[in-house]
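Below: one structure, written as structure tokens.
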């Protein structure tokens, strides 16, 4: 279950006798204190508990409880969970130990994609007669192993890319959302430098919300939102409407305890948040939220009375007064006896995504999608969006761009900067938007090249005559004739002189820098001298050739961004060859 201790629990933790590292800027140094280790573990500070237990283990390597606790700490932290395996494998070989270690070992095997071993561990646990108090029972975990193998046989074709140090940090960065134009990413972070510098229950700084702009195909250095949003306690992103108009916030601070607030977007900032009202925020836990495209339907997660399991998705409609009405449960099509969270309505207004530990799941939270019927306000049966976006770990939120080619997630993956990082997912089955470049071929004096070679028309004679027939002969090199006859025909005759110099031939060669292959040959319009070249995103070399002029070579990089890419007025100046 994603729910966590509220700020009230945090205050209790900070008052306990064991040492809590709550001093801003002070680095935690484990001392191998058993009381501190047990205290951290009890209140879910697995990061510091792990550090303490590792020191204790170095002094007492045969202590079964230390070994088991180390394994559990690895399972519950956002690092490589497979590190739990050797500790738990050792525990289950001992004569006396907590039999739940078999279940824990099964989870560790799942994270390592060792599903046969995981099934055997869960089945072993089920035969021991131990009461199964786990949020996901062992029998269900066996089913999850089967489902994981099934999903991995048909992986979706995606490329997952880390957003890099401009956005990510060595600390947990999670729950990213982007507007449909991909102009910025907004997300939660527990990094150093957060407002107040207070330590949360899990040993990290209390979460703040960060914002990074996307400009010129690069992510700008991330910045925290102002004190209008961030406080010295807990603020997390709960959702964002695809148009960027409304930001949903999870507050666990002086304004609300495990409640949802909403903030209206205002340019590059957000207004002061407001609560969603008594029908939405109750004594229960409220988490992720989203809106229908017309902003009249609110969908959010809560574990309030009437839920089918733990967290369920609920729906509320806007009343004529502007307040949110009494919410209704989305029912068993969407909700299960497990947990559902982080609903997200996609830019198309018809697809809703959400996270669930139920349904056809491959471990932890998986992301599912369903179709939203606007007319009847109903939802279709959910389907798993697939591996490798979904993994045996928790996959909680997703946010899409307008085209659906890109999405944003948080994950713990090899090569990351630390804990959870923000990643961009590219769906390779959806073709990227075409990029185009256009301009006019010019000479040094900024005159279009072809202007110098256009037909020069000089009127030699003009008369207005009335006659019955016309026969006109033009030139000796360029001879043509026009014959017309009609009684009383009135005609205007102009004799023209034509410049005989031929037009120069400009050829534009486009080469893919990555493959070295020629992508195409292009020629400008003979009348205007204008050229238009359309390519897919990539790195290209453009070569401009014209007899009598120096060859010009230019490099262009076109990025796979959401907005249509265009380089207009990219005029090219050719320089005459020197003799």
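In this note's numbering, the protein residues as written are 1281 to 1859. C-beta atoms are modelled at their ideal positions from N, C-alpha and C, and glycine is treated no differently.
Does the beta-carbon of residue i have 16 or more other beta-carbons within 10 angstroms, so that it is buried, or is it exposed?
i: residue 1833; result: exposed
i: residue 1471; result: buried
i: residue 1375; result: exposed
i: residue 1396; result: exposed
i: residue 1309; result: exposed
i: residue 1474; result: buried
i: residue 1519; result: buried
i: residue 1585; result: exposed
i: residue 1855; result: exposed
i: residue 1712; result: buried
i: residue 1341; result: exposed
i: residue 1710; result: exposed
i: residue 1629; result: exposed
i: residue 1444; result: exposed
i: residue 1496; result: exposed
i: residue 1316; result: buried
i: residue 1775; result: Its pLDDT being 46, under 50, residue 1775 is placed unreliably by the model, and nothing is read from it.
i: residue 1796; result: exposed
i: residue 1371; result: buried
i: residue 1637; result: buried
i: residue 1837; result: exposed
i: residue 1480; result: buried
i: residue 1431; result: buried
What distance in whole Å lies between the Cβ atoms of residue j and residue i, which are believed to be in contact at a cut-off of 8 Å?
i: residue 1484; j: residue 1327; result: 7 Å
i: residue 1354; j: residue 1330; result: 7 Å
i: residue 1442; j: residue 1653; result: Not really, about 37 Å apart at Cβ, beyond 8 Å.
i: residue 1337; j: residue 1381; result: 15 Å between Cβ atoms; not a contact.
i: residue 1675; j: residue 1645; result: 6 Å
i: residue 1809; j: residue 1729; result: 5 Å
i: residue 1703; j: residue 1440; result: 5 Å
i: residue 1476; j: residue 1454; result: Contact flag wrong, Cβ pair sits at about 19 Å.
i: residue 1681; j: residue 1498; result: Between residue 1498 and residue 1681 the Cβ distance is about 16 Å, and since that is not below 8 Å, they are no contact.
i: residue 1388; j: residue 1368; result: 6 Å
i: residue 1539; j: residue 1561; result: 4 Å
i: residue 1379; j: residue 1408; result: 5 Å
i: residue 1623; j: residue 1580; result: 7 Å
i: residue 1468; j: residue 1516; result: 4 Å
i: residue 1501; j: residue 1446; result: 5 Å
State the beta-bridge partners of residue i as determined by DSSP.
i: residue 1818; result: 1838
i: residue 1718; result: 1812
i: residue 1703; result: 1442 and 1689
i: residue 1467; result: 1490
i: residue 1632; result: 1625 and 1650
i: residue 1504; result: 1490
i: residue 1595; result: 1579 and 1608
i: residue 1856; result: 1829
i: residue 1728; result: 1722
i: residue 1791; result: 1798 and 1821
i: residue 1526; result: 1544
i: residue 1571; result: 1578
i: residue 1847; result: 1717
Would residue i and residue j qualify as a contact pair, given that the criterion is a beta-carbon distance under 8 Å?
i: residue 1787; j: residue 1798; result: no
i: residue 1642; j: residue 1670; result: yes
i: residue 1358; j: residue 1452; result: yes
i: residue 1621; j: residue 1609; result: no
i: residue 1811; j: residue 1726; result: no
i: residue 1332; j: residue 1351; result: no
i: residue 1435; j: residue 1667; result: yes
i: residue 1508; j: residue 1550; result: yes
i: residue 1607; j: residue 1595; result: yes
i: residue 1604; j: residue 1529; result: no
i: residue 1458; j: residue 1683; result: no
i: residue 1416; j: residue 1716; result: no
Kindly say whether residue i, judged by its beta-carbon, lies nearer than 8 Å to any beta-carbon of chain C.
i: residue 1539; result: Within the model displayed, chain C is absent; a lone protein chain is all it includes.
With three or more beta-carbon pairs closer than 8 Å as the criterion, would you say the region 1819–1835 touches the region 1686–1699? Contact between the region 1819–1835 and the region 1686–1699 is absent: fewer than three C-beta pairs spanning the two stretches fall below 8 Å.
Are at least three pairs of beta-carbons, each pair with one atom in the region 1713–1724 and one in the region 1839–1854, less than 8 Å apart? Segments in contact, yes.
Are three or more beta carbon pairs between the region 1394–1403 and the region 1421–1434 nearer than 8 Å? Below 8 Å, enough C-beta pairs join the region 1394–1403 and the region 1421–1434 to call them touching: three or more.
Count Cβ pairs between the region 1521–1538 and the region 1456–1469 that sit closer than 8 Å; are there 3 or more? Segments in contact, yes.
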